[in-house]
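Each residue of the sequence shown is one higher than the last, beginning at 164 in the working numbering.
C-beta: ideal position from N, C-alpha, C; glycine also.
First comes the structure, then the notes that go with it.
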Amino acid sequence: MNCSAAPWRLLVLAASFLVLIGAGGWARAQEQEKLEPTGGRLSKTKSESKAVTPRAPKRSAKRTTTTAKPTPPTPVGPMESIEGKWWTTGDNFGASQVYFSFEGTSVSGVITYADGRTGTLTGILSGKRLNFNWSTIVGERGTGWLEQRWNNFMSGTFQNEAGVSGSWTLSRINGNWCFGGSRSRIRKVTHNERGQLWFLTEDSGIEVGHLEGPFIILHGEFGNVKGTMNYKANRVEFSTGAYWSWCGPRLPGT
Numbered sequence: 164m165n166c167s168a169a170p171w172r173l174l175v176l177a178a179s180f181l182v183l184i185g186a187g188g189w190a191r192a193q194e195q196e197k198l199e200p201t202g203g204r205l206s207k208t209k210s211e212s213k214a215v216t217p218r219a220p221k222r223s224a225k226r227t228t229t230t231a232k233p234t235p236p237t238p239v240g241p242m243e244s245i246e247g248k249w250w251t252t253g254d255n256f257g258a259s260q261v262y263f264s265f266e267g268t269s270v271s272g273v274i275t276y277a278d279g280r281t282g283t284l285t286g287i288l289s290g291k292r293l294n295f296n297w298s299t300i301v302g303e304r305g306t307g308w309l310e311q312r313w314n315n316f317m318s319g320t321f322q323n324e325a326g327v328s329g330s331w332t333l334s335r336i337n338g339n340w341c342f343g344g345s346r347s348r349i350r351k352v353t354h355n356e357r358g359q360l361w362f363l364t365e366d367s368g369i370e371v372g373h374l375e376g377p378f379i380i381l382h383g384e385f386g387n388v389k390g391t392m393n394y395k396a397n398r399v400e401f402s403t404g405a406y407w408s409w410c411g412p413r414l415p416g417t
């Protein structure tokens, strides 16, 4: 055996031994780092969770807003024929007679006041309403409207150029009235701007009377008889118990 090689072998063995010891110590140190403070072993690291695509937030159901539709206006029928003579019974327009004539929706009128003034009006019909401008021979002027509530009754307001307002009511007195509602006993009535009234009876007799606002006063041989016109202006109740009912406007030549 070669004694000179022995020391080198010992050195190699010693070096190998030190390497093994160092490797073991490093492994133990790594194990120590994985120990919890209480000595328990840490659980294995959880695998990374899978990437989750966030869901879009649910959209609330679209609210359907129901907008209340405006109630359509009640159709207004056309105005009945207003051509002819009317008597004013308003509070402050003045006692007068108005004669209307019209073509299509255009209306013209002649006003004759009880105090002698005269005037004119022009207007446009819209449904049952007449919007008009008026003027008088003495320079008064203004605007107004009249609405036909019933066939022979109209009312509304007016305003003059000075801004003074008032009411204007018209009743159609001129025309045919049936005594007791009988068409065989027609009174053919006419009047003037001063409220004087005449009527022709079925036997061609002529009677007279006068107007006082909504009242018809008949002058008989036994005195005056007062008749009260109802709010629709289509019936007159007399103090004797008799009555007239409206039979329609007078026709040309009647």
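- As the crow flies, the alpha-carbon of Phe256 is around 12 Å from that of Arg280.
- Rounded to the nearest whole angstrom, the C-alpha separation of Cys410 and Val273 is 25 Å.
- When the Cα atoms are used, Asn323 and Val399 turn out to be separated by approximately 33 Å.
- Annotation for Asn323: the continuous beta strand (DSSP E) segment containing it runs 316–323.
- Proximity to Ala405 across Glu303, Asn397, Val388 peaks at Val388, based on C-alpha coordinates.
- Residues Met242, Lys291, Met317 of the same chain have their beta carbon placed closer than 6 Å to that of Gln311, with the five preceding and five following residues left out of the count.
- Taking C-alpha positions only, Leu381 is separated from Trp331 by approximately 25 Å.
- Of the candidates Gly358, Glu375, Ser347, Gly358 places its Cα closest to the Cα of Thr275.
- If the five residues before and after Val261 are omitted, its C-beta is found closer than 6 Å to the C-beta atoms of Trp249, Gly272, Ile274, all from its own chain and listed in chain order.
- A residue is called buried when at least 16 other Cβ atoms come within 10 angstroms of its Cβ; Val352 meets this threshold and is buried.
- Residue pairing by DSSP places Thr283 opposite Val273, Ser298 in a beta bridge.
- Nearest to Gly302 by alpha-carbon distance, out of Trp313, Ala325, Leu293, is Ala325.
- Scanning its chain for C-beta atoms nearer than 6 Å, with the 5 sequence neighbours on each side dropped, one finds around Leu309 the residues Leu293, Met317, Gly319, in chain order.
- Taking the C-beta atoms as reference points, Phe378 is found no nearer than 8 Å to Glu370.
- A Cβ-Cβ contact shorter than 8 Å links Glu365 with Ile349.
- Cβ neighbours of Met392 within its own chain (closer than 6 Å, five residues either side excluded): Pro377, Val399.
- The secondary-structure analysis by DSSP pairs Lys351 across a beta bridge with Asn339, Leu363.
- Sorting Val270, Gly343, Ser244, Ile336 by C-alpha distance to the C-alpha of Thr403 places Gly343 at the top.
- Here Glu310 carries a strand assignment [DSSP, helix/strand/coil].
- Here the C-alpha atom of Gly386 lies approximately 31 Å from the C-alpha atom of Gly247.
- Distance check between Pro412 and each of Leu288, Asn315, Phe295, Val270 places Asn315 closest, using alpha-carbon atoms only.
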